[in-house]
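Engineer: In my numbering, the protein residues as written are 156 to 563.
Shown below is the structure under consideration.
In structure tokens form, the structure reads like this:
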């Protein structure tokens with residue numbers, strides 16, 4: 156059943172003024188939206204214990220808005236939210252559709268994730284942690300990161316600190332699996348469009364490479380050190396390539412270090428075949444189980460937030476976003492369709508107002524446009540179904556990563 160109400164966007168209490176079934180209340184009206192003449196919601200469908208899905212439709216003065224909403228109660232303890240990387244690699248030019256990511260990892264629902272180097276390396280722009288393993292370090296001094304620790308989510312800056320020691324010498328490790336830190340200006344992880352958003356700076360440092368990166372076919376020449384580990388012991392250097400122009404796909408017992416500029420000079424001076432190296436690294440938020448990056452923080456302390464570190468897109472677009480409330484115990488994962496007659500899309504400011512109206516204490520804007528996808532395993536089905544209407548003519552777009560829900 157759908158409940159429809161007539162209202163003005165200037166009156167936040169409109170939905171409460173109209174009698175509606177408890178199973179399908181009229182959705183809250185976001186402040187700052189074009190005047191809303193009607194708003195409706197479908198009954199929540201239980202996807203798994205603590206996980207429900209519903210849709211909302213608004214008719215505004217500028218056109219219709221259609222949303223798909225996943226609500227996740229992390230406080231139950233039976234629900235887990237984690238990231239999935241396309242084909243389990245950071246560098247993956249073909250990328251992977253969210254439904255494929257979710258089905259091969261037995262997820263019950265999920266949304267697309269971070270901005271990424273589309274038509275290039277396929278790499279996500281921000282950090283990635285899956286199942287407690289750091290796959291890519293977050294962007295420096297950047298607030299647009301969603302992290303989960305012990306089934307409690309938060310939005311905010313997460314920084315990385317790392318060191319390499321060879322003999323008596325040590326140096327800073329700038330990052331993990333972020334090749335542009337060693338070779339700035341290359342297009343491995345930042346396309347021309349994302350370069351404008353990310354504002355990269357020349358690091359000329361050292362990045363640690365793990366088996367989670369995948370092969371990188373072409374990089375500006377840098378010093379590459381490949382080593383192997385025996386259990387938890389220090390790694391032993393197997394090879395030093397002084398002018399490497401590619402990075403191989405590493406096995407699970409291998410690690411590598413890639414240096415550019417001053418980082419290359421340091422590795423050339425101190426790294427020799429057979430030498431033992433010790434690597435240390437940690438995130439500023441301890442015990443992170445899952446982490447994913449986005450474009451900008453939308454909400455902080457329950458209010459619309461203008462993130463000075465963010466790079467939101469311009470204009471109205473389909474958008475994907477996630478809100479956090481109840482001390483990090485509740486997530487709202489939202490896709491608002493756009494670029495079509497049934498839904499015009501939203502600006503980042505309108506996306507922020509939507510999350511505030513729906514009770515988010517903090518919120519993050521993820522990748523939007525043709526990437527925006529929300530899928531769930533509907534009752535009676537063993538497969539994920541795309542529930543929104545992606546704006547690409549081909550339908551669901553392959554993307555770099557996603558945020559998925561598991562009934563553990």
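Idealized CB from N, CA, C, for every residue including glycine.
Keep in mind it's a predicted model, so treat the numbers as computed, not measured.
Verify whether the separation of the beta carbon atoms of residue 447 and residue 426 is less than 7 Å.
Structural biologist: Here residue 447 corresponds to residue number 292 of the chain shown, with the count starting at 1. Here residue 426 corresponds to residue number 271 of the chain shown, with the count starting at 1. In this structure, residue 426 does not lie closer than 7 Å to residue 447 by Cβ.
Engineer: Pull up the DSSP beta-bridge partners for residue 219, would you.
Structural biologist: Here residue 219 refers to the residue found at position 64 of the chain shown. 214.
Engineer: If you count every other CB in all the chains shown that lies within 10 Å of the CB of residue 472, and 16 or more means buried, which is it?
Structural biologist: To locate residue 472, count along the chain shown from 1; it is residue 317. Counting Cβ neighbours within 10 Å, residue 472 comes out buried, since at least 16 surround it.
Engineer: Can you tell me whether residue 370 is buried or exposed? The criterion is at least 16 other CB atoms within 10 Å of its CB, across all chains shown.
Structural biologist: In the chain shown, residue 370 corresponds to position 215, counting from 1. Its Cβ having fewer than 16 others within 10 Å, residue 370 is exposed.
Engineer: Counting pairs of Cβ atoms below 8 Å between the region 460 to 470 and the region 531 to 543, do you hit three or more?
Structural biologist: In short, these stretches do not touch, since the Cβ pair count stays below three.
Engineer: So within the region 383 to 441, which uninterrupted beta strand (DSSP E) runs reach at least 3 residues, ignoring any that extend past its ends?
Structural biologist: Runs of the beta strand (DSSP E) inside the region 383 to 441: 390 to 399, 409 to 414 and 431 to 438.
Engineer: Beta strand (DSSP E) containing residue 285: first to last residue?
Structural biologist: Along the chain shown, read from residue 1 onward, the residue named residue 285 stands at position 130. Residue 285 -> beta strand (DSSP E) spans 283 to 285.
Engineer: Am I right that residue 479 and residue 516 are in contact with their C-beta atoms under 8 Å? What's the rounded C-beta distance?
Structural biologist: Looking up residue 479 in the chain shown gives position 324. Looking up residue 516 in the chain shown gives position 361. Residue 479 to residue 516, Cβ: 6 Å. Contact.
Engineer: If residue 263 sits next to residue 561, beta carbons under 8 Å apart, how far is it from one beta carbon to the other, in whole angstroms?
Structural biologist: Taking the first residue of the chain shown as 1, we reach residue 263 at position 108. Taking the first residue of the chain shown as 1, we reach residue 561 at position 406. At roughly 7 Å, the Cβ-Cβ gap stays under 8 Å, so residue 263 and residue 561 are in contact.
Engineer: In the DSSP assignment, find the alpha helix (DSSP H) that holds residue 507 and state where it starts and stops.
Structural biologist: Position 352 of the chain shown, counted from the first residue, corresponds to residue 507. Where residue 507 is concerned, the enclosing alpha helix (DSSP H) stretches over 503 to 512.
Engineer: Nearest-angstrom Cα distance between residue 171 and residue 522?
Structural biologist: Residue numbering aside, residue 171 sits at position 16 when the chain shown is read from its first letter. Residue numbering aside, residue 522 sits at position 367 when the chain shown is read from its first letter. The predicted position of residue 171 is uncertain, since its pLDDT is 32 and thus under 50; a value taken from the coordinates is nonetheless stated next. So the alpha carbons of these two residues sit roughly 32 Å apart.
Engineer: Measuring alpha carbon to alpha carbon, tell me which residue in 482, 542 and 437 is nearest residue 284.
Structural biologist: One-based indexing of the chain shown puts residue 284 at position 129. Ranking the options by Cα distance to residue 284, first place goes to 437.
Engineer: Going by C-alpha distance, which of 495, 221, 559 and 546 is nearest residue 530?
Structural biologist: The residue labelled residue 530 in the question sits at position 375 within the chain shown. Looking at the Cα atoms, 559 is the closest of the given residues.
Engineer: Three-state secondary structure (DSSP) at residue 378?
Structural biologist: Numbered from 1 along the chain shown, position 223 holds the residue referred to as residue 378. Three-state DSSP puts residue 378 in a strand.
Engineer: Is the separation between the beta-carbon of residue 453 and that of residue 539 shorter than 7 Å?
Structural biologist: If you number the chain shown from 1, residue 453 lands on position 298. If you number the chain shown from 1, residue 539 lands on position 384. No.
Engineer: Between the Cα of residue 321 and those of 421, 498 and 503, spot the shortest distance and give me the residue it belongs to.
Structural biologist: The count along the chain shown starts at 1 and reaches residue 321 at position 166. Selected option, being the one with the closest Cα: 421.
Engineer: Is the beta carbon of residue 302 closer than 7 Å to that of residue 313?
Structural biologist: For the purposes of this step, residue 313 is taken as residue 158 along the chain shown, with counting starting at 1. For the purposes of this step, residue 302 is taken as residue 147 along the chain shown, with counting starting at 1. The answer is yes: Cβ separation under 7 Å.
Engineer: In or out: residue 490 buried (at least 16 other Cβ within 10 Å) or exposed?
Structural biologist: To locate residue 490, count along the chain shown from 1; it is residue 335. Looking at its Cβ environment, which holds 16 or more other Cβ atoms inside 10 Å, residue 490 is buried.
Engineer: Would you please state the rounded distance, in angstroms, between the beta carbons of residue 278 and residue 245? I believe it to be under 8 Å.
Structural biologist: The residue given as residue 278 occupies position 123 in the chain shown. The residue given as residue 245 occupies position 90 in the chain shown. Sure, about 5 Å apart at Cβ, within 8 Å.
Engineer: Secondary structure at residue 348, three-state DSSP: helix, strand or coil?
Structural biologist: For the purposes of this step, residue 348 is taken as the residue at position 193 of the chain shown. Model confidence at residue 348 stands at a pLDDT of 44, short of 50, so the residue's coordinates are unreliable; what they give is reported in the following sentence. Correct three-state label for residue 348: helix.
Engineer: Please report the residue range of the beta strand (DSSP E) in which residue 259 lies.
Structural biologist: Numbered from its first residue, the chain shown carries residue 259 at position 104. That residue, residue 259, is in no beta strand (DSSP E); its alpha helix (DSSP H) goes 253 to 259.
Engineer: For residue 311 and residue 467, I'd like the C-alpha separation in whole angstroms.
Structural biologist: As a working note, residue 311 is residue 156 in the chain shown. As a working note, residue 467 is residue 312 in the chain shown. Those two C-alpha atoms are separated by around 16 Å.
Engineer: Would you call the CB atoms of residue 414 and residue 504 closer than 7 Å?
Structural biologist: Here residue 414 refers to the residue found at position 259 when the chain shown is read from its first residue. Here residue 504 refers to the residue found at position 349 when the chain shown is read from its first residue. Their beta carbons are not under 7 Å apart, which means residue 414 does not touch residue 504 by this criterion.
Engineer: Going by other Cβ atoms of all chains shown within 10 Å of its Cβ, with 16 needed for buried, is residue 431 buried or exposed?
Structural biologist: What you label residue 431 is simply residue 276 of the chain shown in a count that begins at 1. Its Cβ having fewer than 16 others within 10 Å, residue 431 is exposed.
Engineer: Could you pull the start and end residues of the beta strand (DSSP E) that residue 479 belongs to?
Structural biologist: As a working note, residue 479 is residue 324 in the chain shown. Residues 474 to 480.
Engineer: Quick check: is any heavy atom of the ligand GDP less than 6 Å from the C-beta of residue 399?
Structural biologist: Ligands displayed in this structure: none; no statement on the ligand GDP is therefore possible.
Engineer: Under three-state DSSP, which class holds residue 544?
Structural biologist: The count along the chain shown starts at 1 and reaches residue 544 at position 389. The answer is coil: DSSP assigns residue 544 none of H, G, I, E or B.
Engineer: Please identify the residue among 229, 213, 440 and 191 whose C-alpha is closest to the C-alpha of residue 483.
Structural biologist: Mapped onto the chain shown, residue 483 falls at position 328. Per the Cα distances, 229.
Engineer: Since residue 286 and residue 237 should fall inside the 8 Å C-beta cutoff, what is the C-beta to C-beta distance between them, to a whole number of angstroms?
Structural biologist: Taking the first residue of the chain shown as 1, we reach residue 286 at position 131. Taking the first residue of the chain shown as 1, we reach residue 237 at position 82. About 6 Å separates the two Cβ atoms, so the contact holds.
Engineer: Taking the CB atoms as reference points, tell me whether residue 182 and residue 211 lie closer together than 7 Å.
Structural biologist: By one-based count along the chain shown, residue 182 stands at place 27. By one-based count along the chain shown, residue 211 stands at place 56. Yes, they are a contact pair.
Engineer: What did DSSP end up calling residue 209 once you bin it into helix, strand or coil?
Structural biologist: Residue numbering aside, residue 209 sits at position 54 when the chain shown is read from its first letter. Reduced to three states, the DSSP call for residue 209 is strand.
Engineer: Taking the alpha-carbon positions, what's the residue 325 to residue 366 distance?
Structural biologist: Looking up residue 325 in the chain shown gives position 170. Looking up residue 366 in the chain shown gives position 211. Spanning the two alpha carbons is a distance of roughly 23 Å.
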